[in-house]
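> Below is a structure I'd like to ask you about.
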Amino acid sequence: MRQYRYRVTVEQLTDSHGIPSDRKPLQFEAGNHDDIISVVTWLRSRGDFSSQDDAAAFAVGLKLFAWAILANKDNPLLSSFLPHLYQFVKELKAGSKTDR
């Protein structure tokens, strides 16, 4: 399957007490059938979240989560979640309740 490829970096800025972190960033590569940057742009434009950062975090997290589940759908734990994921994505694409 053709896919977009991404390098994902998570850099801890501070710990839970606000103290600056010196931890090395976590970095990995992931694929996805969607253009995640376009998905972030679309979700930010909808106004469903309290901030642009929340919208971006949700979009990136959802796309990485969904791709990992699909890539491992033979795992019974993950495959049991697929129907719920499909329903959620369907509702997300349909728009928020305030849009209807």
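Numbering (UniProt numbering), first residue to last: 1 to 100.
Just so it is clear, CB atoms sit at the ideal spot from N, CA and C, and this is done for glycine as well.
Three Cβ pairs or more, each shorter than 8 Å: is that satisfied between the stretch 18 to 27 and the stretch 45 to 62?
Judged by Cβ distances under 8 Å, the stretch 18 to 27 makes no contact with the stretch 45 to 62, as fewer than three pairs qualify.
> With DSSP run on the structure shown, which of helix, strand or coil describes ARG5?
Residue state, collapsed to three classes: strand.
> What residues in its chain sit with their C-beta under 7 Å from that of PHE28, if we drop five residues either side in the sequence?
If we look at PHE28 and ignore the five residues flanking it on each side, its Cβ neighbours are VAL8.
> What are the boundary residues of the alpha helix (DSSP H) that PHE88 is part of?
First-last of the alpha helix (DSSP H) with PHE88: 82 to 94.
> Whose C-alpha, out of ARG44, LYS73, ASN75 and SER80, is nearest the C-alpha of LEU92?
The residue with the shortest Cα to Cα distance from LEU92 is ARG44.
> Throw me the rounded Cβ distance for the ILE36 and LYS73 pair, which I believe falls under 8 Å.
Not a contact, Cβ separation roughly 20 Å.
> What is the DSSP secondary structure of PHE28, reduced to helix, strand or coil?
Residue state, collapsed to three classes: strand.
> Within the stretch 38 to 78, note down every full alpha helix (DSSP H) run reaching 4 residues or more, in order along the chain.
Runs of the alpha helix (DSSP H) inside the stretch 38 to 78: 52 to 71.
> Is it buried or exposed for VAL60, if we count other Cβ within 10 angstroms and need 16 for buried?
Counting Cβ neighbours within 10 Å, VAL60 comes out buried, since at least 16 surround it.
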